[in-house]
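Note sheet for the following structure.
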Amino acid sequence: MKVSREQARDLIAEISAVVDIDINIMDDTGTIVASTDDERIDQFHEGAQMLIRDRRSELIVHYDNEFRGCRKGINLPLIYKDKIIGVIGLTGEIEETIHYARLIQKMTELLMRDLVRIRKEGRKDQEKMLFINSWISGEIESRYEIEEFLENNGVDPQKPMLFALMEMYRPDDRDRSARRMFENRISPPGTIICNREGSGIMVGNFTSPEKCMECIMTFFSDQYPMENYICGIGDLSHDCDDAVHSYHQALKVLQVNRDTKPGVYMYNNSILEIILSEIPKTYKDQLFSKVFGKCRQDDIPDIMEFIKVYNKNNGSINGIASEMFIHKNTVQYKINKLHTQTGLDLRVTHDNMILYLLELWYGENKYAGTDSSK
141 MKVSREQARD LIAEISAVVD IDINIMDDTG TIVASTDDER IDQFHEGAQM
191 LIRDRRSELI VHYDNEFRGC RKGINLPLIY KDKIIGVIGL TGEIEETIHY
241 ARLIQKMTEL LMRDLVRIRK EGRKDQEKML FINSWISGEI ESRYEIEEFL
291 ENNGVDPQKP MLFALMEMYR PDDRDRSARR MFENRISPPG TIICNREGSG
341 IMVGNFTSPE KCMECIMTFF SDQYPMENYI CGIGDLSHDC DDAVHSYHQA
391 LKVLQVNRDT KPGVYMYNNS ILEIILSEIP KTYKDQLFSK VFGKCRQDDI
441 PDIMEFIKVY NKNNGSINGI ASEMFIHKNT VQYKINKLHT QTGLDLRVTH
491 DNMILYLLEL WYGENKYAGT DSSK
């Protein structure tokens, strides 16, 4: 392993946030690859080269330019797996820096190990994401390749499995994805977790979508409250052959419920919403114009709210009156007025179904055909 420039910059940023001192990090050639003093980057540091070559435990520079490219201070090796892979240098008066130089050395080595671990995990996550992306896109035709990938990641390709997708609920947060939820999470047994195109994605062996929901519910906490996320769970597939269908189901559930409210939604409980979402906008516009064409545009929101409350209370006059804080006679008046305006009666099942659908679709888009002057 070598100290890369990117890694050295990250280390300098972490250390300088804690210690107010000039610090340099040199690679195994003695080149300064990161520094709190930008002007010193890419300069040769003879002291670091000597320390690495002679395997010294430290090298003290008593005055500036005692060695080429060196300033007064102390230099210590950075050791990884018993090998010196770089040098950290602290610039300043010897008596001031020597007291905490060893502490900074050890802190740097610990940070370095953490960065290595994080990058390894990041590469593994990227590999998972790339494979799953190819899998669900139909680019992998070899069943053996799919089975091998799943088995290597703890998923049994012969057992039932499903997909679940999760993203931030608020639209302005979706570009940040669900990474905050998944980045430090250990995959439950029999599952693979990674991030794909702004969504957290999980695929794994479950006996039912309900069991998957139970698993996902354990992800939420005070730090990751459920009201910040929306999740779609696909139906159960028999094995890896038809698991991609579960992914597309989970994606559809997420799309259909995305603008409703946060929570965890299962495909087998969202079929009606999915069917209704497939109706072309043209047909919705035509139906809306036909039913509400004689209504004033300004009256539409109140009409929709009344339809919603009516169905929520299953047509109970007392329930509607109580929720809307109006008299029972006013409820009857609103029902009759709506009948006059639209020709549809909420008390008739066929008519109610049409009004229910229009209320459900209301707000998706601006419907044409209503006359706001009336």
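Residue numbers (our numbering): 141 to 514. Idealized CB from N, CA, C, for every residue including glycine. Computed from a predicted structure; not experimentally measured.
Here's a check: name, in chain order, each residue in its chain whose Cβ is nearer than 7 Å to the Cβ of residue 210, leaving out the five neighbours to either side.
Within the same chain, residue 210 has close Cβ partners 185, 186, 187, 201.
Does the beta-carbon distance from residue 408 to residue 379 come in below 7 Å?
In this structure, residue 379 does not lie closer than 7 Å to residue 408 by Cβ.
Taking 7 Å as the cut-off, decide whether the C-beta atoms of residue 161 and residue 230 are in contact.
Yes, Cβ-Cβ distance for residue 161 and residue 230 is below 7 Å.
Are there 16 or more other CB atoms within 10 angstroms of the CB of residue 419, so buried, or fewer, so exposed?
Classification of residue 419: exposed, given that the 10 Å Cβ count is below 16.
May I ask you to report which of helix, strand or coil DSSP gives residue 400?
Looking at residue 400 - three-state DSSP - the assignment turns out to be coil, as it is neither helix nor strand.
Starting from the N-terminal side, write out each stretch of the beta strand (DSSP E) that is 3 residues or longer and does not extend beyond the stretch 343-424.
The qualifying runs are 369-373, 403-406.
Between the alpha carbons of residue 307 and residue 232, how many angstroms are there, rounded?
Their Cα atoms are separated by approximately 49 Å.
Opposite residue 164 in the DSSP bridges: which residues?
Partner(s): 175, 229.
Once the 5 residues before and after residue 174 are set aside, which same chain residues still bring their CB inside 8 Å of it?
Closer than 8 Å at the Cβ level, and outside the excluded window around residue 174, lie 145, 148, 149, 151, 152, 164, 165, 181.
According to DSSP, is residue 459 part of a helix, a strand, or is it coil?
Three-state DSSP puts residue 459 in a helix.
Taking the runs of the beta strand (DSSP E) that are 3 residues or longer, which of them lie wholly in the stretch 218-297?
The stretch 218-297 contains these whole beta strand (DSSP E) runs: 223-231.
With respect to the beta strand (DSSP E) encompassing residue 201, which residues constitute its N-terminal and C-terminal limits?
Residues 199-201.
Cα separation between residue 501 and residue 417?
C-alpha separation (whole angstroms): 9 Å.
Can you check whether the CB of residue 428 is closer than 7 Å to the CB of residue 495?
No, Cβ-Cβ distance for residue 495 and residue 428 is not below 7 Å.
Does the separation of the CB atoms of residue 304 and residue 334 fall below 7 Å?
Against a cut-off of 7 Å, the Cβ pair of residue 334 and residue 304 comes out as no contact.
Of all the options 461, 452, 339, which has the alpha carbon lying nearest to the alpha carbon of residue 370?
Looking at the Cα atoms, 339 is the closest of the given residues.
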